[in-house]
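What follows is a single structure, written as structure tokens, with notes after it.
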Amino acid sequence: STKLADHVRDLGYTAMAHHNGGDDIMALPALYAAGFGELGKHGSLIHPELGASFRPGFVTTTMPLALDEPLQFGVQDICSRCNICTNNCPAEAIPPSDDYVVTEGIKRWITDVAKCYTVSRLREQYCHICVDVCPYVHKANGDNHRKAVYKEYMGIRKKVGYRTPAWWPDNPPDSLKD
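Written out as structure tokens, the structure is:
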């Protein structure tokens, strides 16, 4: 994002590079509004190709740009029926599927940050277990088994138009069971 901001400034516009977690601007709302991904139950943004495990950078600028719309590819549908992150959170910080709020038409599950911190501080870093177990893990992350599971899962989702398959989560294939 630093190089992109430099380039935008070279074009004569103001620009500021932002790095995830290091600014006054919260990355998730900005990235969501820009159409980079959809909000997951675990509180992270989920991108259709990158999954939930990525560290974004972005640029704010006065340069006129074409606007994108928030992206919707079925994450909210899956999160409404999936409890994998909730069941695997050691701090019990992620609410169950039916415990959400709707803000400006967007379904959001409110993660209990104080509970999350109790586990994260013990690890001296962001816990990340919720993202690690998320079905939207990036296909290039993790071991070969996780890559195969991700590929199979997303292949099934693609066949049904990125909607929740009728069997999810009641009767998934063995390779997709948590």
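Quick note, the working numbering runs 47 ahead of the 1-based positions in the sequence shown. Where is the CB? At the ideal position from N, CA and C, for every residue including glycine. Computed from a predicted model, the values in this text were never measured in an experiment.
Which of helix, strand or coil DSSP assigns to residue i
i: lysine 154; result: strand
i: leucine 78; result: helix
i: aspartate 225; result: At aspartate 225 the pLDDT is 49, less than 50, meaning the model places this residue with poor confidence and gives no usable figure here.
i: histidine 65; result: strand
i: glycine 104; result: strand
i: isoleucine 93; result: strand
i: glutamate 116; result: coil
i: glutamate 199; result: helix
Cβ-based neighbour list, residue i, same chain, cut-off 6 Å, excluding 5 preceding and 5 following
i: isoleucine 72; result: His65
i: methionine 110; result: Val55, Tyr60
i: threonine 49; result: Ala64
i: aspartate 225; result: Since pLDDT at aspartate 225 reaches only 49, below the 50 mark, its modelled position is unreliable, and no value is offered.
i: valine 148; result: Arg155
Residue interval of the alpha helix (DSSP H) (run including residue i)
i: alanine 52; result: 49-57
i: isoleucine 125; result: 122-128
i: cysteine 177; result: 176-180
Sequence-distant residues of the same chain with beta carbon closer than 7 Å to residue i, five excluded per side
i: proline 143; result: Asn130, Thr133
i: glutamate 116; result: Gly82
i: cysteine 136; result: Ile176, Cys177
Option nearest residue i by Cα separation, candidates the options
i: tyrosine 79; options: Ala138, Leu51, Leu58, Phe120; result: Phe120
i: arginine 128; options: Ala140, Cys181, His54, Gly104; result: Cys181
i: cysteine 226; options: Glu139, Ala77, Glu85, Asp53; result: In the structure displayed, the chain extends from 48 to 225; residue 226 sits before or after that span and is not available.
i: glutamate 139; options: Val106, Arg102, Cys163, His175; result: Cys163
i: proline 95; options: Leu114, Gly104, Gln123, Ala77; result: Gln123
i: aspartate 179; options: Lys206, Thr165, Phe101; result: Phe101
i: glycine 104; options: Leu112, Ala113, Pro76; result: Pro76
Bounding residues of the beta strand (DSSP E) (the contiguous stretch that carries residue i)
i: threonine 133; result: No beta strand (DSSP E) holds threonine 133; the alpha helix (DSSP H) holding it covers 131-135.
Spatial neighbours of residue i in its chain, beta-carbon cut-off 8 Å, leaving aside the 5 residues before and after
i: threonine 108; result: Ala52, Val55, Tyr60, Thr61, Ala62, Met63
i: valine 106; result: Ser48, Leu51, Ala52, Val55, Ala62, Met63, Ala64, His65
i: methionine 93; result: Position check: residue 93 holds isoleucine in this sequence, whereas methionine was assumed. Gly84, Glu85, Leu86, Gly87, Ala99, Val122, Cys181, Tyr183, listed in sequence order.
i: leucine 58; result: Met110
Closer than 8 Å to chain B by CB, residue i
i: alanine 161; result: Given the protein chain composition of this structure (a single chain), no chain B is represented.
Inset, instruction - Count the C-beta pairs between the segment 152-160 and the segment 82-100 that are closer than 8 Å, then say yes if the count reaches three, no if not. - result: yes
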